[in-house]
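Shown next, in structure tokens, is the structure this report addresses.
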Amino acid sequence: MTKISFITPTARLDYPYANRPDLHLFEPTLECFKKQTMTDFEWVISDALYEQRKDYFADMKLPFKVKHIPAMPNMWLENGLTGIAAQWNKGIIYADGELLFF
């Protein structure tokens, strides 16, 4: 069983950093996770823009599991609101970890 699940809700565009237009949204966290010596964890991303980037992790060979899931359906996002709590809850549903980190 996976020991730790890191749950990340997001609705940001692929390149949201004003001073780093070349840096993809997922890269800072991904690079940090790749440097870990303990790999018995998973990264669960509840993504409001999943349909636009559903294949982002498809060809990556990573030493840990990534669960990139759609945030929809989500009544809050569908009505133009943030819906972050609903995205956290969806991440919890998909998480296999004994410990959850947000």
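When you line the sequence shown up against the numbering used here, it's residues -9 to 92, in that order. For every residue, glycine included, the Cβ atom is placed at its ideal position computed from N, Cα and C. As the structure is a computational prediction, the values presented were derived from the model and not from experiment.
For the beta strand (DSSP E) that contains residue i, what are its first and last residues?
i   : result
F91 : 89 to 91
Tell me, which residues are paired with residue i by DSSP?
i   : result
W33 : F(-4), V56
Residue i lies in the alpha helix (DSSP H); which residues open and close that run?
i   : result
K24 : 17 to 24
M65 : 65 to 68
G81 : 74 to 84
Y40 : 40 to 43
Using beta-carbon positions only, say whether residue i and residue j come within less than 8 Å of one another.
i   : j     : result
E59 : D37   : The residue you asked about is not Glu; residue 59 is Ile in the sequence shown. Taking 8 Å as the Cβ cut-off, I59 and D37 qualify as a contacting pair.
F47 : T29   : no
K25 : E88   : no
W33 : T(-2) : yes
Y40 : A61   : yes
P6  : L20   : no
Below 8 Å on the Cβ atoms is my guess for residue i versus residue j; work out the distance and round it to an integer in Å.
i   : j   : result
W66 : T72 : 7 Å
Using a Cβ-Cβ cut-off of 8 Å, state whether residue i counts as contacting chain B.
i     : result
I(-6) : Absent here is chain B; the protein component of the structure consists of one chain.
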